[in-house]
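What follows is a short report on a single structure.
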Amino acid sequence: MNPVVMLSGITNVTMALISAYMIFSFLRVLKGYRKLPTPDLRCNKRISVIIPARNEEGRISSAIRSVLKQIGPRDELIVVDDGSTDETFEEALASCNERCAIIKLLYKPEGWTGKSWACYHGYLHSNGDVLIFLDADTVLHGGLREACSLLEKYDAVSQLPRIRCDSLACGAVEIAFTSLLRLTYPYWDMSPGKAWLAGAFMGWKRESYEAVGTHKAVKESLVEDASLGRLASHMGLRITFFKGKFAESKWISKWGEAVNTLARIFKAGAPRSIYAYLLMGIFTYISALVYASPLLGLVGLANPLLSLLFMISIYGYASLSFIEVRASPISLVLAPVGLVLMGVALVKASRGSDIEWKGREARES
Numbered sequence: 007m008n009p010v011v012m013l014s015g016i017t018n019v020t021m022a023l024i025s026a027y028m029i030f031s032f033l034r035v036l037k038g039y040r041k042l043p044t045p046d047l048r049c050n051k052r053i054s055v056i057i058p059a060r061n062e063e064g065r066i067s068s069a070i071r072s073v074l075k076q077i078g079p080r081d082e083l084i085v086v087d088d089g090s091t092d093e094t095f096e097e098a099l100a101s102c103n104e105r106c107a108i109i110k111l112l113y114k115p116e117g118w119t120g121k122s123w124a125c126y127h128g129y130l131h132s133n134g135d136v137l138i139f140l141d142a143d144t145v146l147h148g149g150l151r152e153a154c155s156l157l158e159k160y161d162a163v164s165q166l167p168r169i170r171c172d173s174l175a176c177g178a179v180e181i182a183f184t185s186l187l188r189l190t191y192p193y194w195d196m197s198p199g200k201a202w203l204a205g206a207f208m209g210w211k212r213e214s215y216e217a218v219g220t221h222k223a224v225k226e227s228l229v230e231d232a233s234l235g236r237l238a239s240h241m242g243l244r245i246t247f248f249k250g251k252f253a254e255s256k257w258i259s260k261w262g263e264a265v266n267t268l269a270r271i272f273k274a275g276a277p278r279s280i281y282a283y284l285l286m287g288i289f290t291y292i293s294a295l296v297y298a299s300p301l302l303g304l305v306g307l308a309n310p311l312l313s314l315l316f317m318i319s320i321y322g323y324a325s326l327s328f329i330e331v332r333a334s335p336i337s338l339v340l341a342p343v344g345l346v347l348m349g350v351a352l353v354k355a356s357r358g359s360d361i362e363w364k365g366r367e368a369r370e371s
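Structure, rendered in structure tokens:
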């Protein structure tokens with residue numbers, strides 16, 4: 007068979023299959039989003055907001071101020087400085103008032119990884135009926151008590167991730183990452199094998215948090231928020247994501263930082279190296295096909311209409327990420343580059359390469 011004809015056939019079949027899957031996934035996601043609750047009531051329970059922070063200079067003050075605008079006289083904010091080597095503690099101290107307590111941790115025991123030690127200490131010093139864990143780069147724009155009201159029905163909740171991207175690198179990687187996340191761990195599927203929660207905004211009934219064993223139960227996990235969600239689901243607790251835009255986080259800003267961040271996330275469940283390399287190859291092939299498909303259609307190596315459908319289906323599905331990501335539209339065009347970086351991060355995680363996070367080596371115990 008003519009090699010050109012064979013290549014054309016393989017390309018057409020590949021684009022047709024991917025297009026069909028993307029269209030199916032697009033419709034599936036829209037249906038799934040409709041299942042998520044939207045908070046519309048206000049709760050009157052005492053809230054303890056806990057912010058673990060390490061090397062968050064320049065960000066922690068915004069997080070603190072946004073929380074203090076929302077909590078009442080019965081509520082409390084607990085900031086836990088996890089051994090920062092910058093001015094995080096001093097910045098937090100300057101931003102706090104009488105409703106805010108600051109804890110400075112001087113060490114981390116063996117066996118504790120990631121943010122769990124700081125989150126656990128925040129819990130130990132808290133008195134609230136409801137515990138709200140926030141990332142130190144999360145800024146609240148209202149809605150704290152509305153989200154708290156969902157804990158009348160659920161044991162734990164997380165807001166659908168809302169990421170503010172100030173760079174093309176952040177936008178491209180986040181769009182690629184959230185697009186893949188919706189395929190593998192959809193927000194509306196809280197079955198034991200799929201369930202997870204997001205640490206940017208994670209709310210718990212106090213008794214439910216204690217029932218799962220607190221952060222002490224996931225102290226060895228690099229993705230403690232997801233691990234807590236999975237543990238809660240296995241125990242039969244009711245957990246959910248909810249729709250909202252009031253909690254917004256800021257993520258990576260540089261391409262290299264993206265690889266390191268993704269590798270930390272993937273490290274907990276990274277496949278063996280051979281599979282990681284295979285996935286990187288698949289991601290690279292799909293990304294190259296996205297950019298090459300218009301040219302392939304023009305020169306006759308692919309069906310022109312199929313090339314157009316392929317582009318529309320890929321970018322149409324990826325555009326759903328704008329529900330979660332506030333970024334430049336140009337980031338959408340660069341999302342295939344973000345997919346390639348995800349493959350690189352997978353390989354880095356699977357090889358056991360050293361991964362630094364907030365000035366510490368990130369490794370599971």
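According to the numbering used here, the sequence shown holds residues 7 to 371 in order.
All residues carry an ideal CB built from backbone N, CA and C; glycine is no exception.
- Nearest CA to the CA of TYR129: which residue from PHE272, VAL55, LEU311, ASP231? Measuring from the Cα of TYR129, the nearest candidate turns out to be VAL55.
- Query: For CYS106, which beta-bridge partners are listed by DSSP?
  - Reply: Beta-bridge pairing by DSSP links CYS106 to LEU83.
- Message: Less than 7 Å separating the Cβ of GLY149 from some heavy atom of the ligand HEM?
- Response: With respect to the ligand HEM, the structure shown offers nothing to examine, as it has no ligands at all.
- Query: In this structure, does DSSP put MET208 in helix, strand or coil?
  - Reply: Three-state DSSP puts MET208 in a strand.
- So, is PRO45 buried or exposed, given that buried needs 16 or more other C-beta atoms within 10 angstroms? The residue is buried, with at least 16 neighbouring Cβ atoms inside 10 Å.
- Query: Going by the beta-carbon positions, is the gap between ARG170 and ARG332 smaller than 8 Å?
  - Reply: Contact flag set, yes.
- Query: Just to confirm, are GLY149 and PHE252 a CB contact at a threshold of 8 Å?
  - Reply: Yes; because the gap between Cβ atoms is below 8 Å, this pair is in contact.
- Item | C-alpha gap between VAL6 and THR267, whole angstroms | There is simply no residue 6 to check, as the chain begins at 7 and stops at 371 in what is shown.
- If you compare alpha carbons, which of THR20, LYS211, PRO9, SER31 is closest to THR190? Checking every option, the nearest Cα to that of THR190 belongs to SER31.
- Item | Beta-carbon contacts of VAL136 that lie in its chain and below 8 Å, excluding the five residues immediately before and after | Closer than 8 Å at Cβ, skipping near neighbours: CYS49, LYS51, ARG52, ILE53, SER54, CYS154, LEU157, GLY209, TRP210, LYS211, ARG212.
- For the candidate residues LEU311, GLY120, GLU254, PHE248, whose alpha-carbon lies nearest to that of LEU42? Out of LEU311, GLY120, GLU254, PHE248, PHE248 has the C-alpha closest to the C-alpha of LEU42.
- Rounded to a whole number of angstroms, what is the C-alpha to C-alpha distance between ARG188 and VAL35? Taking the straight line from one Cα to the other gives about 7 Å.
- Could you tell me whether the segment 302-313 touches the segment 252-265, where touching means 3 or more Cβ pairs closer than 8 Å? Touching, no, given that fewer than three Cβ pairs across the two stretches are closer than 8 Å.
- Item | LYS256: first and last residue of the uninterrupted alpha helix (DSSP H) it sits in | In the DSSP annotation of this structure, LYS256 is not part of any alpha helix (DSSP H); the continuous beta strand (DSSP E) holding it starts and ends at 253-256.
- Query: Straight-line CA distance for GLU330 to ASN103?
  - Reply: Put simply, the backbone Cα of GLU330 is about 32 Å away from that of ASN103.
- Return the chain-ordered list of same chain residues with a C-beta closer than 8 Å to the C-beta of ILE70, the five sequence neighbours on each side being excluded. The beta carbon of ILE70 sits closer than 8 Å to those of ILE57, LEU83, VAL85, ALA98, SER101, CYS102, CYS106, all from its chain and outside the five residues before and after it, given in chain order.
- When the Cβ atoms of the segment 279-297 are set against those of the segment 349-359, are three or more pairs found closer than 8 Å? As far as the Cβ criterion goes, the segment 279-297 touches the segment 349-359, which means the pair count is three or higher.
- Message: For a test of the three-state rule: what should DSSP assign to ASP88, helix, strand or coil?
- Response: In this structure, ASP88 counts as strand in the three-state DSSP scheme.
- Message: So for LEU111, helix, strand or coil by DSSP?
- Response: In the structure shown, LEU111 sits in a strand (DSSP, three-state: E or B).
- Item | Simplified DSSP state of ILE5, which is helix, strand or coil | Nothing about residue 5 can be read from this structure; the chain reaches only from 7 to 371.
- Item | Which residues DSSP lists as bridging ALA59, in chain order | In the DSSP output, where bridge partners are listed per residue, ALA59 has ASP87.
- Message: Going by beta-carbon coordinates alone, are GLY89 and LEU112 separated by less than 8 Å?
- Response: Yes, these two residues count as a Cβ contact at 8 Å.
- TYR291 to ILE271 span [Cα, whole Å]: Distance from the CA atom of TYR291 to the CA atom of ILE271, rounded to whole angstroms, is 23 Å.
- Query: What are the start and end residues of the beta strand (DSSP E) that includes VAL162?
  - Reply: The question names Val, but residue 162 is Ala in the sequence shown. Residues 162-165.
- Query: Exposed or buried, ALA178, counting other C-beta atoms within 10 Å across all chains shown (16 or more means buried)?
  - Reply: Counting Cβ neighbours within 10 Å, ALA178 comes out buried, since at least 16 surround it.
- Hey, THR20 and LEU295: beta-carbon distance below 8 Å or not? The criterion of a C-beta distance shorter than 8 Å is satisfied by THR20 and LEU295.
- For TRP123, the nearest candidate out of PHE207, ALA59, ASP81 (CA to CA): Closest option to TRP123, Cα to Cα, is ALA59.
- Closest residue to SER293 among LEU338, LEU307, LYS354 (Cα-Cα distance): Closest in alpha carbon position to SER293, among LEU338, LEU307, LYS354, is LEU338.
- Query: If you drop the 5 nearest sequence neighbours on each side, which residues of the same chain put their C-beta closer than 7 Å to that of ALA175?
  - Reply: So the list reads ILE258, SER259, LYS260, TRP261, ALA264, once near-sequence residues are dropped.
- Answer with buried or exposed for LYS225, where buried requires no fewer than 16 other C-beta atoms within 10 angstroms of its C-beta. Residue burial is scored here from C-beta neighbours: LYS225 has at least 16 other C-beta atoms within 10 angstroms and is therefore classed as buried.
- Ends of the alpha helix (DSSP H) at ILE16? DSSP places ILE16 inside the alpha helix (DSSP H), whose first and last residues are 9-41.
- Message: Using 8 Å for Cβ pairs, my map puts SER132 next to SER197. What's the rounded Cβ distance?
- Response: The beta carbons of SER132 and SER197 sit about 30 Å from each other, so the pair does not count as a contact at 8 Å.
- Task: Provide the residue span of the beta strand (DSSP E) that contains ILE138, from first to last.
- Result: Per DSSP, ILE138 belongs to the beta strand (DSSP E) from 136-140.
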